[in-house]
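All remarks here apply to the structure that follows.
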Amino acid sequence: MTGSLTQRQLRLVKQVCWTLSLCIVAVPFVFPFLWMISSGLKGPSEIFGRPSLIPTAFRWSNYLEVFSYQPFAAQYFNSLYIAVTVTVLTLFISSLAGYALARLRFAGAALVALFLVSALMVPEEVTIIPNFFLIRWLGLSDTHWPLILLPVFGPQGIVGTFLMRQYFLALPKELEEAGKMDGLSRFGVWWRIALPMSRPALAAVAIITFLNSWNLFLEPLIFISSLEKFTLPLALSNFTDPYGSPLWHLQLAATTLAVVPILIVYLIAQRQIIESFALSGVKG
Amino acid sequence: MTMKPATGVTVRGERAPWLTLKMREAIEAWLFISPTLAGFLIFFAGPLVAVVWYSLSEWNLLSQQATFVGLANYNDALFRNPDFWLVVRNSIVFAVGLVPLNMALALALALALSRRFRGVVFFRTVFFAPVVTSAVAWAIVWKFLLQGEAGFVNQLLAAIGIQGPNWLREPDWAMVAVIVTRVIKMVGLNMILYIAALQAIPRDYEAAARLEGASNWQIFRMIIWPLLGPTTLVIMVITTIGSFKVFDHIYLMTGGGPENGTLVLAFYIYQQGFQFFDVGYASALAMIMFVIVMGLTVVQLALRRRDT
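As given, the protein sequences belong to chains B and H, one line each in that order. Just so you know, numbering that gives the first Met the number 0 puts 7 at position 8 of the first sequence, and the rest follows in order with no gaps. Just so you know, numbering that gives the first Met the number 0 puts 23 at position 24 of the second sequence, and the rest follows in order with no gaps.
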C-alpha cells in the first residue's frame, strides 16, 4: 500500500521536475517579451536602473511620444496594408499556378516546376542588387511597389505555389469534373470548386505570407527613404537620438505595439500557425 | 442557357473549333501560370543573369557606369581584400556555432514535447513564439538586454557575482551573443519539424524495444536517431543555408562590428553594395554566396539519394 503510494509520488515528483526544467529552458524565450513590455513603460532614467519587472511609475506617455517622434501611425498602417495586399496577391497568383501544375497537362510542365524550384534555393541577397536597379529604372524607388512586387513574385510566392500544388494533387478530381460537365470554364472550376475545397492550404499560405511581409526588413531598408513611407521594422530601428543612440524607452514601447498584436493572434491560432510553418518548412 | 449540340459552333466565342482539347488545356495552363512565370523571369531569372554581368564589371561611385573588367572583382575578393577572408571566417564560425546548437536544442525540445502531457501545448507555443516575432523586434530587445553594465543580463550575472562582458562591444562575445540569440529565435521551427518526424515513428517500435529491456538511451540511439536521419539531413541543410543568409539580426544587433567581428557574408554584400556603392564587387560577393548555397544544396541532394 505505502509502496504503491511512493511509486505514485515518485511519478509526481518526476513530472514536477520535468515541468520545472522546461520552465527554466523557456525563460530566454518568454522573458524578452515581458522585459520589452515592462521597459516600454519606464522612463529613460529608470530603464537602466535597478531591474524590476514592474515599473515604479507606469509611463504611458511613452506610447504617445512614439506617435509624435515619427509618423508611427502611418508607418503602422503601411505595414498592415502592404502585408494584406501581398497576402491577397500571393494567394491568387500562387494558387492559379499551383492549380495548373497540379491539374493541367501541358508540354514543359516539369521544366517550369524545375525552374521555379531553383528560385527557392537562391537567397534573395544574390538578386537584390540587380533588383535594386530594376526598381529604380522603373521609377519605383521610395514607393511601396517593390515591397509588394518582390515578395509576391519572389521565393515566398513560389513556396505558396508548391504548397497549393501539393494540396490540389491530394483533392479528389470528381467534383471538378462534375463542374466541367455543368459547363464551368477552367477558371470557374478553379474558383468555384478547387479553391473552396483548399481552405486549409490557403490559410497556411496566407499565414506565412502575411508574417513574411510584416517582418520584411532588407527591402524596405534599401528602397524606402521617406519617413512616412517606412514600414514597421524600419520604423522600429529608427527611434534614435541625433547621435544615433537608441531611445530605448520609445523604441521598446513601439516594439511592443508592433509585436503584441501578432502575439495575441498567435496565441489564439497557435495550432494553425505552427502547422503552416511545419508545412512550408518541410517543403524548403 | 440551353445546351447546344456539339457542332463546334461557339456560343460566346470561347470555344474555337480548330483547337483540340489538348491544346486548349495547354493554353489554359500557360495562362494560369503566366503571372508566376512572368514574375520569375523579371525578378529572378533576369537579375540572376544581370548579377553575373555586374560581377564582371567595374561599377562604383567613381566609375558611374559599368565597364567590363573580367574577373577583377573576384580577384579582389579572393586575393587582395583581407576583409573577404575575415567575412568567410566569420560566416563559417557563425554557421558552425549556430547549426549544431540549434539542432541539438531543437531535437532535445522535440523529444521532450513529442508526447502528450499536461502543458505540452503551452510549452510548444512558448518555444515557437520567437519564430513568429519579427527579427527586428527580437534583435532590438536582445540588444537592450545585452547592454554593457546596465543591461539586464549583466545585472543578473552581477547578482550572482559574475562580471559579464560588454557583450556587443567585444568581437568574440558579440559573435557568441548573435549566435545564441539567433538560435533562441529560430529553434522553434526545427523543433516542430522534429516533432512531426518523431510522431510519425510507430509507437510499436519503442514498445517492442522496451519489452526486450532496452534503456531509454538505447531506444534513442538504435531506433529513433536512425529513423530521424532524413529529417536531420533536411534540417541541417536548411539551417546552414539560413545561417549564411542572416542579415537583419546582425544589422540591428551589432552592425557587423565590433572591429568587423560579426561581419558575415550577407551583411558584407549589403555593406559593399548599398553603403559603399561598389556594385561590381558586391555582385561578385553575391555570386560567391550563390555558389556556396548551391553547393550545399547539391550536397544535400547527393546525401539524400545515397540514403534512399
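Note that beta-carbon positions come from the ideal geometry of N, C-alpha and C, so glycine has one too.
Minimum Cβ-Cβ distance from residue i to chain H less than 7 angstroms
i, result
"Tyr265 (chain B)", "yes"
"Asn211 (chain B)", "no"
"Trp237 (chain B)", "Correcting the residue type first, residue 237 (chain B) is Asn in the shown sequence and not Trp. Not one chain H Cβ lies under 7 angstroms of Asn237 (chain B)."
"Asn214 (chain B)", "yes"
"Pro27 (chain B)", "yes"
"Val125 (chain B)", "yes"
"Gln269 (chain B)", "yes"
"Leu11 (chain B)", "no"
"Leu21 (chain B)", "yes"
"Met120 (chain B)", "yes"
"Ala35 (chain B)", "Going by the sequence as given, residue 35 (chain B) is Met instead of Ala. Answer yes: the Cβ-Cβ gap between Met35 (chain B) and chain H drops below 7 angstroms somewhere."
"Arg7 (chain B)", "no"
"Thr55 (chain B)", "no"
"Val83 (chain B)", "no"
"Pro260 (chain B)", "no"
"Ile273 (chain B)", "yes"
"Thr142 (chain B)", "no"
"Leu79 (chain B)", "no"
"Ile223 (chain B)", "no"
Contacts of residue i in chain B (Cβ-Cβ under 7 angstroms)
i, result
"Glu27 (chain H)", "Leu103 and Arg185"
"Ala49 (chain H)", "Pro129"
"Ala195 (chain H)", "Ala277"
"Ala149 (chain H)", "Phe47"
Enclosing alpha helix (DSSP H) for residue i [first to last residue]
i, result
"Trp58 (chain H)", "Element bounds for Trp58 (chain H): n/a, residue is neither H nor E."
"His248 (chain B)", "Trp247 to Ile267"
"Pro150 (chain B)", "Trp144 to Phe152"
"Asn153 (chain H)", "Phe151 to Ala158"
"Leu217 (chain B)", "Leu217 to Phe222"
"Ile194 (chain H)", "Pro170 to Gln198"
"Phe39 (chain H)", "Leu20 to Phe39"
"Pro232 (chain B)", "Leu231 to Leu235"
"Ala208 (chain H)", "Arg202 to Leu210"
"Glu173 (chain B)", "Glu173 to Met180"
Partners in chain B for residue i, counting only beta-carbon separations shorter than 8 angstroms
i, result
"Leu156 (chain H)", "Ordered by position in chain B, no residue passes the 8 angstroms Cβ test against Leu156 (chain H), which lies about 12 angstroms from the chain."
"Gly255 (chain H)", "Ordered by position in chain B, no residue passes the 8 angstroms Cβ test against Gly255 (chain H), which lies about 14 angstroms from the chain."
"Asp247 (chain H)", "Phe216, Leu217 and Pro232"
"Tyr204 (chain H)", "What Tyr204 (chain H) touches in chain B: nothing, since even the nearest Cβ is about 22 angstroms away."
Beta carbon proximity, residue i to chain B, threshold 7 angstroms
i, result
"Met288 (chain H)", "yes"
"Thr132 (chain H)", "yes"
"Val292 (chain H)", "yes"
"Thr124 (chain H)", "yes"
"Ile191 (chain H)", "yes"
"Leu60 (chain H)", "no"
"Ile183 (chain H)", "yes"
"Leu70 (chain H)", "no"
"Ile159 (chain H)", "no"
Straight-line Cα distance separating residue j from residue i
i, j, result
"Phe219 (chain H)", "Leu156 (chain H)", "36 angstroms"
"Ala205 (chain B)", "Gly48 (chain B)", "43 angstroms"
"Ile291 (chain H)", "Ala285 (chain H)", "10 angstroms"
"Pro4 (chain H)", "Gly182 (chain B)", "Annotation note: pLDDT 45 at Pro4 (chain H) (below 50); position unreliable, no value reported."
"Phe116 (chain H)", "Leu77 (chain H)", "54 angstroms"
"Ile191 (chain H)", "Ala173 (chain H)", "28 angstroms"
"Phe315 (chain H)", "Ala65 (chain H)", "Chain H is shown only over 0 to 307; residue 315 (chain H) falls outside these bounds and no answer can be derived."
"Tyr204 (chain H)", "Phe126 (chain H)", "28 angstroms"
"Arg185 (chain B)", "Ser54 (chain H)", "45 angstroms"
"Glu323 (chain H)", "Ser242 (chain H)", "Any answer about residue 323 (chain H) is impossible in this case: the structure gives chain H only from 0 up to 307."
"Ala94 (chain H)", "Asp171 (chain H)", "15 angstroms"
"Met163 (chain B)", "Ser94 (chain B)", "6 angstroms"
"Ala257 (chain B)", "Leu231 (chain B)", "7 angstroms"
"Ser224 (chain B)", "Lys41 (chain B)", "30 angstroms"
"Val48 (chain H)", "Leu197 (chain H)", "42 angstroms"
Chain-ordered neighbours of residue i on chain H, where CB pairs are closer than 9 angstroms
i, result
"Leu250 (chain B)", "According to the sequence shown, residue 250 (chain B) is Gln rather than Leu. Result: Ile139 and Phe143."
"Ile192 (chain B)", "Simply none; closest approach about 15 angstroms."
Contacts that residue i makes with chain H (C-beta to C-beta distance below 8 angstroms)
i, result
"Tyr98 (chain B)", "Phe31"
"Gly156 (chain B)", "Thr35 and Gly38"
Within chain H, partners of residue i - CB distance below 7 angstroms
i, result
"Trp136 (chain B)", "Near Trp136 (chain B) there are no residues of chain H at all, since even the closest Cβ is about 11 angstroms away, more than 7 angstroms."
"Gly42 (chain B)", "Near Gly42 (chain B) there are no residues of chain H at all, since even the closest Cβ is about 14 angstroms away, more than 7 angstroms."
Proximity test, residue i beta-carbon vs the ligand NAP heavy atom, cut-off 6 angstroms
i, result
"Arg49 (chain B)", "For the structure depicted, the ligand NAP is absent and the ligand set is empty, with no information on it obtainable."
* Write down every uninterrupted run of the alpha helix (DSSP H) in the region 111–141 of chain H whose length is 4 residues or greater and which is fully enclosed by it, in chain order. => 119–131
* Asked: Going along the chain, which unbroken runs of the alpha helix (DSSP H) with 4 or more residues stay wholly within the region 28–85 of chain B?
  -> 60–68
* To do: Would you mind listing the alpha helix (DSSP H) stretches within the region 185–215 of chain B that are 4+ residues and don't spill past its ends, in chain order?
  => Whole alpha helix (DSSP H) segments, 4+ residues: 185–188 and 198–213.
* Please list the segments of the beta strand (DSSP E) lying wholly inside the region 48–96 of chain H, counting only runs of 3 or more residues, in order along the chain. => none
* **4 or more residues per run - each alpha helix (DSSP H) lying fully within the region 216–272 of chain H** => Counting whole runs of 4 or more residues, the region 216–272 of chain H contains the alpha helix (DSSP H) stretches 228–244, 247–252 and 264–269.
* To do: List in chain order: all unbroken alpha helix (DSSP H) runs of 4+ residues lying wholly within the region 95–139 of chain B.
  => 108–120 and 123–136
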